[in-house]
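See structure below.
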Amino acid sequence: MSEAPKVAVPPRTGGVLSLSIKEKAGLFAAYMPFVKGGGIFIPTAKPYSIGDEVFMLLQLMEDPAKIAVSGKVVWITPPGSHGNRTQGVGVQFSENEAGQQARAKIEGLLGGALQSSRTTHTM
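Quick note on my numbering: the sequence shown kicks off at 23 and runs consecutively.
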């Protein structure tokens, strides 16, 4: 009996995620500089899978403007994780202009804090 051919399943789309960060410490904890192109951790109880495509609206610090950026899920922290880590997903910014702008904005706000060894939501 032969096996059925394997079919590549395209990533599902995960809807819109919204994140508002008011303080530099919160931004430091959420930012994922180790992800190629940058990424951000978003607390959520909604189930996602690695590779899911999502759209984010980010409001950072005192800036009233929201940054609209797409990306894909590259990290999942499930409920009840070791060390009481916050449940949520890490999303890699898309490689387009919006993703580059989001990364530049976050890194500009964090400045020298990026070199800190403090723990974050993911590491």
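Each residue gets a CB set at the ideal place from its N, CA and C atoms; glycine is no exception.
Which of helix, strand or coil DSSP assigns to residue i
i, result
"phenylalanine 114", "Correcting the residue identity first, residue 114 is glutamine in this sequence and not phenylalanine. In this structure, glutamine 114 counts as strand in the three-state DSSP scheme."
"lysine 127", "helix"
"glutamine 109", "coil"
"glycine 133", "helix"
"glutamate 84", "coil"
"glycine 102", "coil"
"leucine 41", "strand"
"phenylalanine 56", "coil"
"glycine 73", "coil"
"lysine 68", "coil"
Alpha-carbon spacing of residue i relative to residue j, whole angstroms
i, j, result
"glutamine 81", "asparagine 118", "19 Å"
"arginine 125", "phenylalanine 77", "15 Å"
"glutamine 230", "alanine 51", "Nothing about residue 230 can be reported from this structure: the residues present for the chain run from 23 to 145 only."
"glycine 133", "tyrosine 53", "12 Å"
"proline 55", "valine 111", "15 Å"
"valine 38", "leucine 79", "7 Å"
"isoleucine 43", "methionine 83", "6 Å"
"glycine 73", "isoleucine 89", "21 Å"
"valine 96", "valine 113", "6 Å"
"arginine 107", "valine 91", "25 Å"
"alanine 87", "glutamate 45", "16 Å"
Cβ neighbour criterion (16 or more within 10 Å) applied to residue i
i, result
"aspartate 85", "exposed"
"lysine 94", "buried"
"glycine 60", "buried"
Opposing strand residues paired with residue i [DSSP bridges]
i, result
"leucine 79", "Ser40 and Ala90"
"valine 95", "Val113"
"phenylalanine 63", "Gly112"
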